[in-house]
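This report refers to the structure that appears directly beneath it.
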Amino acid sequence: MFPNGQKTQSNSLIPKFEGFFLEMVMPRLEGRCSELVKKILGDDWDVTPIGDNLTEFEITLNDDALSVKEAWDKTYELRSQPGVIDVEPLFAVPLPELTGWNVSIPDLGDFFNNQIERESEDVNWCLKQLRVFEVWEKYFPDPNKPPGHGIVVAHPDTGYTNHPEIIDNLLLEKGYDFIEKDNNATDELERPFGQLINNPGHGTSTASVIVSNPGKEANYSNQKYVTGVAPGAKVLPLRVSYSVVLLSVRNLARSIEYAADNGAHVVTISMGTAFHNQRLRSAIIYAQKRGVIIVAASGTLIPYVVFPAAYDEVIAVTGSNIQREIWWGASRGKQVDVTAPGHLVWYAKSDRKDDGVEHRIDQGSGTSFSAPFVAGVAALWLSYHGRDKLVERYGAEKIPFIFNELLRDTCDKFPTWKPNRFGSGIVNAEKLLAASLPDNVNGSVVSPALALQQHSSLDSGRLDAFMHLFESQLSDTQPEEFGFPDAFLNSNLAELLQTFSSELPKRLKEVGQELAFDFAVNPDLYKQFAELLHSNKPSPTDQSKGRKKGETDNKEPIRETLKKKGISEILLNKLFNWG
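Residues 16 to 594 (the numbering used here) make up the sequence shown, in order.
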C-alpha cells in the first residue's frame, strides 16, 4: 500500500537465501534426508519435518548462507539424489513496485480524479460498497454479539502497534514474532540495517479495516476514524517481515502453520512474493485441512498476481475505487477471485517520532486493504452461521471451499468488469450471508486442500508459470499464426533456451523454475522479455530452433543479462547450448 498521492520507489535489494524445501519419495525418511543434506551441504544444517505427509522437510542453516547462484546449484545437486522427489530454494524476495517494472500501467485517470477524491472523503464508503451495514442490521441485531464475534483472524504482517483503533481487538497473548522468535509481535516502526521498509506500521493499518470498533477511539487531528468490517472478531498479530516488499517465504509459511495450530479461523495476507514455492504451498495445505480460510492481496503496482494470492484455492483479491471501478494500481488476471475496495481507503496509521509513537488516521491505496476487507467478510459469514456448526455439518476441510464458492457466486458485476481479470466482481456481504448453505457436500466435491494439490503448474516452472507472469503482455501481442498465447510464448521460450518447441516441456522441467524465478524477481529482465513479446515474431515451426541461418538472435541480450546476474551452471549451459 502507499499513502494518497505517493508512489513507492524501486527496491534494489536482491533475493536473500533462507533455506531449502525438500520432499522425499516415502514417509518417515528423516534419517535418509539428513544423510543427503550432510553429503551435499555439510554437517551443520538443520533438517525439520513439516506438513502432514511425513515426506517434507525444511533445510536451514543461516540466512545468506548461500548466494542465489549457489542455492540453485545445490538445489539441482540435491534433486539428483536417489529418493528425492523435489527440492526448492527458499528466498526472501524483493518486489519492486511501479518504476522498477517500467511496463504499461492501466488507466491512470482516477489517480488525479478530484471527483473520486471528494466522494472518498466518506470514511465509511468501503463498508457501504461491501454492503456491510446491511449485514450488521439484519444478521447481528444483538449488541452483546457484535459482528464477527467468536472468530479469530490471523494477520501475518509487520506486527502491531497499540493504536487505539485496534489495540482492544488484538489477541496479544497468542501473537508471535517470527523475526526475533519470541511472543512479542510489536512493530518496531524502524528500518533495521540493510532492510528496506516502505510503510512502517503496515500491520496496524491493514488490521484496522478488519476489527476497528465503530466511531472514533481517540481524538485525531483530521477528525476521521476507521470502522472495521468485523469489529466483534479478534486479530492474531504475527510479525513476519520488516517490509511488505521484502517478504520471507519461510516466515510466511511458518506463520500460516502457527495460525492453524493456534485457533485461527481466517488468515489474511496483505503481502506477496514473486516466487512460487512448495514450502508456502505446503503451509497453505496444512491450514486448509484444518478449515482455515486464506485470503491474500493480488498485488499493488506489480504486472502479475503475486503469491500466495495466485494459488488457486487462496482467495485472491484485487482493488476497486468508490465508483465501483478497478483501481489502476491493482494487479489483475486469471488468478484473481474477487474485488474489494483498495483505493483511497481510510485506515489507522502509526509512525515513530522523536518523542514517541504518533497514532493518526490516514488515507491510502493498495490491495493490502482489499484482502483484509474480504477477511472481515469471511469473519461475518463464519460468525453468523457458527463455525462450530459448520465444522459439525461439513467437516473442517470443506469450509474454505464452501466459503470460496458462495463468495464468488454472490459478487456484483460492475460496468467495467471483464472476465479473467477482476474475479467474479465486487464482494457483496449482504448477498453472501443471505445465500443458502449447500444441503450436501459429497465426495464429488473436491476439498480445497486436495484441489490445491491438483494445481501445481505455477510451482513447477512449466509453461503455465510463464503464462502467469506475462499474462498481461500475452493477451494482445501474439501473432495470428500462433492462434493461442501459449503457442507464442512456447516459441519464444524455446528460442531463449536454444531448443525445439517440441522439446521445451522437457527443458522447462529441468530449468524452468529457476528461469521463472529470475523473471519474477528482476524487473530489468522481466522488461526485456516483455518488450520482446511485444515486438518479436518467432517461427511457429521447429525448424532451426525458430531462427533462420544468419538471422539475428534477439534473445542473446536476455541470455547475457542472466549470465551477468549469476545463475546456476545448469541453466547457464542450457541458455548457451553448452550441454
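All C-beta atoms, glycine included, are put in the ideal place defined by N, C-alpha and C. If you're wondering where the values come from, they're calculated on a predicted model, not measured in any experiment.
Using beta-carbon positions only, say whether N505 and L548 come within less than 8 Å of one another. Going by C-beta atoms, N505 is not nearer than 8 Å to L548.
Just to confirm, is the Cβ distance from A394 to A248 under 8 Å? yes
Between the alpha carbons of A289 and P156, how many angstroms are there, rounded? 43 Å
Grab me the residues of P42's own chain with a C-beta within less than 7 Å of its C-beta, minus the 5 sequence neighbours each way, in chain order. N68, L69 and T70
Helix, strand or coil: how does DSSP classify N517 here? Sequence check: residue 517 is Ser here, not Asn. Helix at S517.
Just to confirm, is the Cβ distance from A302 to V282 under 8 Å? yes
Taking all protein chains shown into account, do 16 or more other C-beta atoms lie within 10 angstroms of the C-beta of V351, making it buried, or fewer, making it exposed? buried
Nearest CA to the CA of G163: which residue from S335, R305, Y273 and S227? Checked all of S335, R305, Y273 and S227; the closest Cα to G163 is S227.
When burial is assigned at 16 or more other CB atoms within 10 Å of the CB, is G458 buried or exposed? Interpretation of G458 is limited by its pLDDT of 49, a score under 50 that renders its predicted location unreliable; no figure is taken from the coordinates.
Under 8 Å, do I65 and E92 count as touching if we go by C-beta distance? No, they are not a contact pair.
Please go through the same chain and pick out, in chain order, the residues whose beta-carbon is closer than 7 Å to the beta-carbon of A601, but skip the five residues on each side of it. The chain is shown only over 16 to 594; residue 601 falls outside these bounds and no answer can be derived.
Residue environment, E38, which counts as buried when at least 16 other CB atoms sit within 10 Å: buried
From H291 to S236, what distance separates their C-alpha atoms? 43 Å
Please work out which residues of its chain come closer than 8 Å, Cβ to Cβ, to A274, disregarding the five sequence neighbours upstream and downstream, and give them in chain order. A169, P171, L251, L253, V282, A302 and V307
L187 versus N277, I100, R133 and E103, residue with shortest Cα-Cα distance: Considering only alpha carbons, the answer is N277.
On the DSSP bridge assignment, give the partners of V108 in chain order. L262
Going along the chain, which residues of its own chain have a beta-carbon closer than 8 Å to the beta-carbon of V406, five neighbours each way excluded? G306 and I414
If you scan the stretch 17 to 98 from start to end, which runs of the beta strand (DSSP E) of 3 or more residues do you find wholly inside it? 31 to 39, 61 to 65 and 71 to 75
Would you mind sorting N537 into buried or exposed? The rule is 16 or more other CB atoms within 10 Å of its CB. buried
If you pair each beta-carbon of the stretch 76 to 90 with each one of the stretch 129 to 138, do three or more pairs fall below 8 Å? no
If we count the other Cβ atoms within 10 Å of its Cβ and call it buried at 16 or more, is K304 buried or exposed? buried
Over the uninterrupted alpha helix (DSSP H) stretch that includes V360, give me the two end residues. Here V360 belongs to no alpha helix (DSSP H); instead the beta strand (DSSP E) covers V360 to K368.
Using 10 angstroms around the beta-carbon of D479, count the other beta-carbons present and answer buried if the total reaches 16, otherwise exposed. buried
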